[in-house]
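Trainee: Numbering (this note's numbering), first residue to last: 10 to 403.
All C-beta atoms, glycine included, are put in the ideal place defined by N, C-alpha and C.
Just so you know, these numbers come straight off a predicted model, no measurement behind them.
Have a look at this one before I ask anything.
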Amino acid sequence: MALKLNAITFQSPTCTSFALPPVATLRSPIFCMASTLRSASKVVKTVKKPFSPPHEVHVQVTHSMPQEKIEIFKALEDWAEDNVLIHLKPVEKSWQPQDFLPDPSSDEFHDQVKELRERAREIPDDYFVVLVGDMVTEEALPTYQTMLNTLDGVRDETGASPTSWAIWNRAWTAEENRHGDLLNKYLYLSGRVDMRQIEKTIQYLIGSGMDPQTENNPYLGFIYTSFQERATFLSHGTTARLAREHGDLKLAQICGTIAADEKRHETAYTKISEKLFEIDPDATVLAFADMMRKKISMPARLVYDGRDDNLFDNFSAVAQRLGVYTAKDYADILDHLVSRWNVASLTGLSAEGQRAQEYVCELSPRIRRLEERAQARAKQRSRMPFSWIYDREV
Ligand SMILES: [Fe+2]
Ligand SMILES: [Fe+2]
Numbered sequence: 010m011a012l013k014l015n016a017i018t019f020q021s022p023t024c025t026s027f028a029l030p031p032v033a034t035l036r037s038p039i040f041c042m043a044s045t046l047r048s049a050s051k052v053v054k055t056v057k058k059p060f061s062p063p064h065e066v067h068v069q070v071t072h073s074m075p076q077e078k079i080e081i082f083k084a085l086e087d088w089a090e091d092n093v094l095i096h097l098k099p100v101e102k103s104w105q106p107q108d109f110l111p112d113p114s115s116d117e118f119h120d121q122v123k124e125l126r127e128r129a130r131e132i133p134d135d136y137f138v139v140l141v142g143d144m145v146t147e148e149a150l151p152t153y154q155t156m157l158n159t160l161d162g163v164r165d166e167t168g169a170s171p172t173s174w175a176i177w178n179r180a181w182t183a184e185e186n187r188h189g190d191l192l193n194k195y196l197y198l199s200g201r202v203d204m205r206q207i208e209k210t211i212q213y214l215i216g217s218g219m220d221p222q223t224e225n226n227p228y229l230g231f232i233y234t235s236f237q238e239r240a241t242f243l244s245h246g247t248t249a250r251l252a253r254e255h256g257d258l259k260l261a262q263i264c265g266t267i268a269a270d271e272k273r274h275e276t277a278y279t280k281i282s283e284k285l286f287e288i289d290p291d292a293t294v295l296a297f298a299d300m301m302r303k304k305i306s307m308p309a310r311l312v313y314d315g316r317d318d319n320l321f322d323n324f325s326a327v328a329q330r331l332g333v334y335t336a337k338d339y340a341d342i343l344d345h346l347v348s349r350w351n352v353a354s355l356t357g358l359s360a361e362g363q364r365a366q367e368y369v370c371e372l373s374p375r376i377r378r379l380e381e382r383a384q385a386r387a388k389q390r391s392r393m394p395f396s397w398i399y400d401r402e403v
């Protein structure tokens with residue numbers, strides 16, 4: 010999935026939105042909502058090392074939700090407490106990484122590690138490339154908490170805000186934090202991967218951040234998170250199935266347990282969007298179409314190991330080949346969400362809303378045609394070395 014970035018627009022003294030002039034001519038701009046002016050995807054800067062991979066930065070849209078809609082989210086506080094927070098698990102009932110790992114305080118520790126390594130030996134390198142990619146993605150959690158806290162009306166304003174939205178943001182992060190921890194420790198013990206290269210990749214990825222193009226707009230943000238949680242549910246589910254096929258039931262359990270968390274998170278985010286479809290269908294369907302037009306970019310789009318400038322594409326090709334995350338999954342998620350939110354039967358929409366409805370309802374066949382090509386390309390792709398597995402080729 011290619012990352013496509015947007016035009017930033019700025020607020021003039023009279024609050025007229027205008028397209029961005031070259032960035033160097035502007036100082037301390039006041040950002041203003043103007044998603045309608047997003048036409049150009051103009052490169053304003055090329056970022057080079059040492060903190061992130063070389064990549065182009067495009068102008069970006071910010072605060073596209075009208076200010077008065079913040080009230081909607083304030084009014085939904087109690088609803089969120091009753092309907093969203095229930096999808097979090099109390100800490101005392103939550104699994105912890107240690108439940109799935111050798112116990113370092115036990116006399117059996119070395120034997121348990123030996124068994125883990127024997128099981129890991131049976132798993133092919135391409136699987137490890139995908140698992141490392143998944144782990145690195147999970148480990149960039151600071152970026153995702155930041156992303157949630159960019160959203161107007163639902164951000165954690167203080168770091169310890171008592172609103173339902175802020176409680177969700179923190180507790181969601183705390184649940185997610187176990188995913189990277191568990192996969193990281195498993196991979197460390199497996200002895201199959203170059204931990205130093207992986208750790209560098211994590212440092213680069215957190216330093217690079219992500220641009221989901223959600224414009225501080227919770228309508229866009231919750232479409233994005235609904236999609237993304239389902240994508241991670243599917244990909245961890247597939248790595249669980251493949252681990253089982255390779256005879257490693259413990260690893261299958263690890264991936265399956267993480268997938269179950271992602272499913273709960275998906276349920277919560279899709280419920281929030283469902284509520285927005287109920288109370289503000291026009292804005293929500295426009296947001297859905299907007300996110301799909303821009304394409305849902307993967308959180309690890311800027312992944313880099315200090316060596317491979319095309320690491321994301323190379324990793325994605327392996328994930329596509331193994332069926333861990335494919336263009337078909339992308340179309341399936343879209344179909345799932347269209348039906349989950351009953352988008353086809355929304356009524357009372359504006360003309361623009363109806364066009365957005367039509368667009369999302371008719372999009373999936375087009376993506377499926379692209380999928381066939383992506384599948385063919387991934388199959389043809391020659392073997393590539395990955396530093397994560399000591400430059401062995403997959
Ligand atoms: Fe996760
Ligand atoms: Fe997640």
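Under three-state DSSP, which class holds E283?
Mentor: If DSSP states are grouped into helix, strand and coil, E283 belongs with the helices.
Trainee: Would you mind reading off the limits of the alpha helix (DSSP H) that contains H404?
Mentor: Absent from the structure is residue 404, since the part of the chain shown begins at 10 and ends at 403.
Trainee: Within the continuous beta strand (DSSP E) that includes E65, where are the two ends?
Mentor: H64 to H67 is the extent of the beta strand (DSSP E) around E65.
Trainee: Can the beta-carbon of V403 be found less than 8 Å from the beta-carbon of D134?
Mentor: Taking 8 Å as the Cβ cut-off, V403 and D134 qualify as a contacting pair.
Trainee: At a cut of 8 Å, does the stretch 344-361 reach the stretch 279-297 through at least three beta carbon pairs?
Mentor: In short, these stretches touch, since the Cβ pair count reaches three.
Trainee: My guess is that V333 and T210 are in contact by the Cβ rule of under 8 Å, so how many angstroms apart are they, rounded?
Mentor: Their Cβ separation, rounded to whole angstroms, is 18 Å, which puts V333 and T210 out of contact at 8 Å.
Trainee: Could you say which of F118, R239 and H255 lies nearest to A427 if we only look at CA atoms?
Mentor: This structure gives no information on residue 427, because the portion of the chain shown stretches from 10 to 403.
Trainee: Based on the DSSP output, what are the partners of R401 in its beta bridges?
Mentor: F395.
Trainee: Quick one: what does DSSP say T172 is sitting in, helix, strand or coil?
Mentor: DSSP places T172 in coil when its eight states are reduced to three.
Trainee: Give me the Cα-Cα distance between S359 and T293, rounded to the nearest whole angstrom.
Mentor: Going from the Cα of S359 to the Cα of T293 covers about 12 Å.
Trainee: Which same chain residues, not among the five before or five after P227, have their C-beta less than 7 Å away from its C-beta?
Mentor: Excluding sequence neighbours, P227 sits near M74, F82, L160, D161, G162 and V163.
Trainee: From this set, W177, H245 and E65, which residue's C-alpha is nearest M219's C-alpha?
Mentor: The option with the nearest alpha carbon to M219 is E65.
Trainee: With 16 other CB atoms within 10 Å as the buried threshold, where does Q366 fall?
Mentor: Buried, because 16 or more other Cβ atoms sit within 10 Å of the Cβ of Q366.
Trainee: Going residue by residue through the stretch 187-263, where are the continuous alpha helix (DSSP H) segments of at least 4 residues, counting only ones entirely within it?
Mentor: Runs of the alpha helix (DSSP H) inside the stretch 187-263: 204-217 and 227-254.
Trainee: Please determine whether the Cβ atom of E147 lies at a distance below 7 Å from any heavy atom of ligand 1.
Mentor: E147: yes, Cβ under 7 Å from ligand 1.
Trainee: Would DSSP call K388 helix, strand or coil?
Mentor: Correct three-state label for K388: helix.
Trainee: Compute every distance between the C-beta of T241 and the non-hydrogen atoms of ligand 1, then say whether any falls below 7 Å.
Mentor: Because some heavy atom of ligand 1 lies under 7 Å away, the Cβ of T241 counts as near it: yes.
Trainee: Any heavy atom of ligand 2 closer than 7 Å to the beta-carbon of H274?
Mentor: Yes, the Cβ of H274 comes within 7 Å of a heavy atom of ligand 2.
Trainee: At which residues does the beta strand (DSSP E) containing T55 begin and terminate?
Mentor: V52 to V56 is the span of the beta strand (DSSP E), which, as asked, contains T55.
Trainee: Please identify the residue among A149, V56 and P99 whose C-alpha is closest to the C-alpha of P308.
Mentor: Taking only the C-alpha atoms, the option nearest P308 is A149.
Trainee: Under a three-way DSSP split, which group does A309 fall into?
Mentor: It is coil, neither helix nor strand.
Trainee: Determine the extent of the alpha helix (DSSP H) in which H119 is found, giving its start and end residues.
Mentor: From DSSP, the alpha helix (DSSP H) with H119 extends over F118 to R130.
Trainee: Given V139, which residues of its chain have a CB within under 7 Å of its CB, disregarding the five upstream and five downstream residues?
Mentor: Cβ within range, chain order: T248, V327, A328, L331 and V333.
Trainee: Given 7 Å as the limit, tell me if H188 has its C-beta closer than that to any heavy atom belonging to ligand 4.
Mentor: With respect to ligand 4, the structure offers nothing, as its ligand set consists of ligand 1 and ligand 2.
Trainee: Drop a sphere of 10 angstroms on the beta-carbon of G168, count the other beta-carbons inside from all chains shown, and report buried for 16 or more, exposed for fewer.
Mentor: By the 10 Å Cβ count, G168 comes out exposed.
Trainee: Please classify R364: is it buried, with 16 or more other beta-carbons within 10 angstroms of its beta-carbon, or exposed?
Mentor: Label assigned to R364: exposed.
Trainee: Considering only heavy atoms of ligand 1, does any lie closer than 7 Å to the CB of I263?
Mentor: Checking every heavy atom of ligand 1 against the Cβ of I263, none is found closer than 7 Å.
Trainee: For T152, count neighbouring Cβ atoms within 10 angstroms of its own Cβ and tell me buried if that reaches 16, exposed if not.
Mentor: Its Cβ being crowded by 16 or more others within 10 Å, T152 is buried.
Trainee: Return helix, strand or coil for Q76, following the three-state DSSP convention.
Mentor: Residue state, collapsed to three classes: helix.
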